[in-house]
Amino acid sequence: MKIAVRGGHNFQAIGAVGLIDETTEDRKVKDSVIKYLNQLGHTVLDVTPGNMDTNSDLVYGVN
1 MKIAVRGGHN FQAIGAVGLI DETTEDRKVK DSVIKYLNQL GHTVLDVTPG NMDTNSDLVY
61 GVN
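Take the sequence shown: its position 30, counted from the start at 1, is 30 in UniProt numbering, and no numbers get skipped.
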């Protein structure tokens, strides 16, 4: 199965920050999900945006 995984916000279009930083933590989860899906034999596309402003991030996610 081919699966696309997106990490969410990026370090310029940041997510929530409180006890933990959402952007930092969602990258850890994304990497683990990709690792385990690959181990199960799936093809995984990492479609997490690089560092870009909020509007570019949203456009990247749609395209």
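Beta carbons: idealized from backbone N, C-alpha and C, even for Gly.
{"query": "Delimiting residues of the alpha helix (DSSP H) encompassing residue 40", "result": "Segment: none, residue 40 is in no alpha helix (DSSP H) and carries neither H nor E."}
{"query": "Distance between residue 39 and residue 13 (C-alpha atoms, nearest Å)", "result": "31 Å"}
{"query": "Beta-carbon separation (whole angstroms), residue 37 vs residue 47, contact threshold 8 Å", "result": "Not a contact, Cβ separation roughly 13 Å."}
{"query": "Assumed close pair residue 41, residue 6 - CB separation to whole angstroms, cut-off 8 Å", "result": "Actually they do not touch by this definition, with Cβ atoms about 21 Å apart."}
{"query": "Outcome for residue 23 when other beta-carbon atoms lying within 10 angstroms are tallied against a minimum of 16", "result": "buried"}
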